[in-house]
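Undergrad: Quick one: the structure is below, questions incoming.
Protein chains in written order, with the numbering used here: chain E, 560 to 670; chain G, 128 to 241.
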């Protein structure tokens, strides 16, 4: 079972920031938070991951609360091509690629 | 250049047949995976190989047999196909230790069993 909880769907206006929340209240100290997305009919795509510090890359920012029980993925300027299912995954380094995908959040970016 | 490529992309076959899906990665990764996405869109790991050695084998019927001839290839052979095997099968690869959660997925192979 997935160890994360995400809203099933969200809308965002094109050009605005998309903030996708995730709850992971049972996360362990050695587990990372990973985000993936799956654009329709494509394979999942890695976005970003973090342990406890906030992270930023060319795709997104990841904000993790101090208690690590929740996080937010931020797409700073959403485009129509960002419409996808976004998965928040808690993953320990010992689990070697065994990602537990939940249902994710379907983000619809609207013009 | 496609990093993780799968063939075929689409496969339609009859119940009882045997079929294979091939996967190749050109990223130089040590670990490769097969994931299955069912009709309800749940993605679940099936197998993982590290340097041609099986390291993850989830509860998958033994009609499914992965084969890794070298670390750049991981094929999936399915015997005696059943209706419930209809799904999209994704191959993935990762660098391994230290990048355990950063997987690169292929585009998927949609299998339809009639």
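Ideal Cβ placement from N, Cα and C applies to all residues, glycine included.
Predicted model, so just to flag it, every value in this text is computed and none were measured.
#1: Residues in the same chain with beta-carbon distance under 7 Å from residue 650 (chain E), minus the five sequence neighbours each way, listed in chain order, please.
#2: Between the alpha carbons of residue 669 (chain E) and residue 640 (chain E), how many angstroms are there, rounded?
#3: Using the three-state DSSP reduction, which class does residue 639 (chain E) fall into: helix, strand or coil?
#4: Could you check if residue 147 (chain G) is buried or exposed, using at least 16 other CB atoms within 10 Å of its CB as the buried criterion?
#5: Less than 8 Å between the beta carbons of residue 211 (chain G) and residue 608 (chain E), yes or no?
#6: Go through its chain and collect everything with a Cβ distance to residue 166 (chain G)'s Cβ below 8 Å, but skip five positions before and after it.
#7: Quick one: measure Cβ to Cβ for residue 177 (chain G) and residue 190 (chain G), integer angstroms, because I've assumed they're closer than 8 Å.
#8: Quick check on DSSP: helix, strand or coil for residue 212 (chain G)?
#9: Among E:642, E:604, E:581 and E:655, which one has its Cα closest to the Cα of residue 573 (chain E)?
TA: Considering the structure as presented:
#1: Start at 1 with the first residue of the first chain, and residue 650 (chain E) comes out as number 91. Excluding positions up to five away in sequence, the list reads 590, 591, 593 and 658.
#2: Numbered from 1 along the first chain, position 110 holds the residue referred to as residue 669 (chain E). Numbered from 1 along the first chain, position 81 holds the residue referred to as residue 640 (chain E). Each residue's CA atom was taken as its position, placing residue 669 (chain E) and residue 640 (chain E) some 10 Å apart.
#3: If you number the first chain from 1, residue 639 (chain E) lands on position 80. Helix, per DSSP.
#4: Residue 147 (chain G) sits at position 20 when you count from the first residue of the second chain. With fewer than 16 other Cβ atoms within 10 Å, it is exposed.
#5: Within the second chain, the letter at position 84 stands for residue 211 (chain G). Within the first chain, the letter at position 49 stands for residue 608 (chain E). The Cβ atoms of residue 211 (chain G) and residue 608 (chain E) do not sit closer than 8 Å to each other.
#6: Walking along the second chain from the start, residue 166 (chain G) turns up at place 39. Excluding positions up to five away in sequence, the list reads 213 and 214.
#7: By one-based count along the second chain, residue 177 (chain G) stands at place 50. By one-based count along the second chain, residue 190 (chain G) stands at place 63. Rounded to the nearest angstrom, the Cβ distance from residue 177 (chain G) to residue 190 (chain G) is 23 Å, too far for a contact under 8 Å.
#8: Looking up residue 212 (chain G) in the second chain gives position 85. In the displayed model, residue 212 (chain G) falls within a helix according to three-state DSSP.
#9: Along the first chain, read from residue 1 onward, the residue named residue 573 (chain E) stands at position 14. Residue 573 (chain E) has its Cα closest to that of E:642, out of E:642, E:604, E:581 and E:655.
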